[in-house]
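Notes follow once the structure below has been shown.
Residue numbers (my numbering), protein chains in the order written: chain H, 10 to 123; chain E, 458 to 571.
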């Protein structure tokens with residue numbers, strides 16, 4: 010069965026410093042992986058997705074993630090945090106290739122301090 | 458473009474009562490999902506519709522939960538009778554055909570069962 014593990018429940022950074030949100034996956038096939046963001050009182054929004062085309066995936070708002078098969082990781086990064094990045098981030102895997110049945114991680118809450 | 462609309466925003470009920478949630482997806486989106494998000498956890502898929510047919514309801518507690526999607530557009534999710542453990546945010550999402558993992562989420566209905 011497919012699953013994702015988000016290694017940190019909370020991450021705190023100062024504005025202007027790099028962001029790293031860690032995610033490891035478990036999959037019996039070549040997975041499709043996603044990062045979603047949830048701002049307070051707003052709906053979940055897709056940040057980026059990996060579907061085996063390129064291992065480095067660029068998303069919205071300056072975020073990117075790198076698929077590393079040898080490490081079974083799909084960490085989310087951003088070079089410089091902004092106050093507006095404060096939110097809950099979810100690493101997500103699709104249950105099977107090509108389907109929309111998504112399995113969410115438990116989330117990482119990102120705090121950004123001025 | 459209008460987003461996914463959900464109502465009510467909040468609902469407080471006592472255990473054993475019934476409750477219903479409503480969702481209006483993005484116009485033209487064939488696929489509609491209901492997710493349950495318990496505090497501190499990632500969203501969990503309850504049911505997926507393709508037009509007005511059920512694609513996956515394997516994680517829907519059918520003894521108390523029911524859902525329908527009338528005419529392939531709006532959807533309602535009902536709980537009867539509610540239990541304390543049903544306290545959660547209920548998220549509705551929709552996606553376009555072939556979008557593969559790009560779901561658009563509503564803001565959710567926060568249910569408290571007392």
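For every residue, glycine included, the Cβ atom is placed at its ideal position computed from N, Cα and C.
Shorter than 6 Å, the distance from the beta carbon of residue 471(E) to the closest heavy atom of the ligand HEM, or not?
The ligand HEM is not among the ligands present in this structure, which contains no ligands whatsoever.
Is it true that the region 527-541 of chain E meets the region 24-43 of chain H, where meeting means three or more beta-carbon pairs spaced less than 8 Å apart?
no
If contacts are defined as beta-carbon pairs under 8 Å, then residue 489(E) and residue 556(E) qualify, I think. What distance do you get, rounded to the angstrom?
Mapped onto the second chain, residue 489(E) falls at position 32. Mapped onto the second chain, residue 556(E) falls at position 99. Incorrect: roughly 13 Å between the Cβ atoms, too far for contact.
Quick one: residues in its chain with C-beta nearer than 7 Å to the C-beta of residue 544(E), no 5 flanking neighbours on either side, listed in chain order?
Within the second chain, the letter at position 87 stands for residue 544(E). Closer than 7 Å at the Cβ level, and outside the excluded window around residue 544(E), lie 568, 569, 570.
Against chain H, does residue 529(E) count as a neighbour if the rule is that its beta carbon must be under 7 Å from one of theirs?
Residue numbering aside, residue 529(E) sits at position 72 when the second chain is read from its first letter. Output row for residue 529(E): interface = no.
Residue range of the beta strand (DSSP E) that includes residue 512(E):
To locate residue 512(E), count along the second chain from 1; it is residue 55. First-last of the beta strand (DSSP E) with residue 512(E): 510-513.
Please work out which residues of its chain come closer than 6 Å, Cβ to Cβ, to residue 21(H), disregarding the five sequence neighbours upstream and downstream, and give them in chain order.
As a working mapping, residue 21(H) is identified with position 12 in the first chain. If we look at residue 21(H) and ignore the five residues flanking it on each side, its Cβ neighbours are 120.
Check each candidate in 547(E), 530(E), 500(E) and name the one with the smallest Cα separation from residue 485(E).
By 1-based counting over the second chain, the position of residue 485(E) is 28. Taking only the C-alpha atoms, the option nearest residue 485(E) is 530(E).
Taking CB distances under 7 Å as the criterion, tell me whether residue 58(H) reaches chain E.
Here residue 58(H) refers to the residue found at position 49 when the first chain is read from its first residue. Residue 58(H) counts as touching chain E.
For the region 540-567 of chain E, list every residue whose C-beta sits within 8 Å of some C-beta in chain H, in sequence order.
548, 550, 552, 556, 557, 558, 559, 560, 561, 562, 563, 564, 565
For the 8 Å Cβ check, are there 3 or more pairs between the region 80-88 of chain H and the region 33-45 of chain H?
yes
Let me know the secondary structure DSSP gives residue 93(H) once reduced to three states.
Taking the first chain and counting its residues from 1, the one referred to as residue 93(H) is at position 84. Looking at residue 93(H) - three-state DSSP - the assignment turns out to be helix.
Indicate whether at least one CB of chain E lies closer than 7 Å to the CB of residue 117(H).
As a working note, residue 117(H) is residue 108 in the first chain. Output row for residue 117(H): interface = no.
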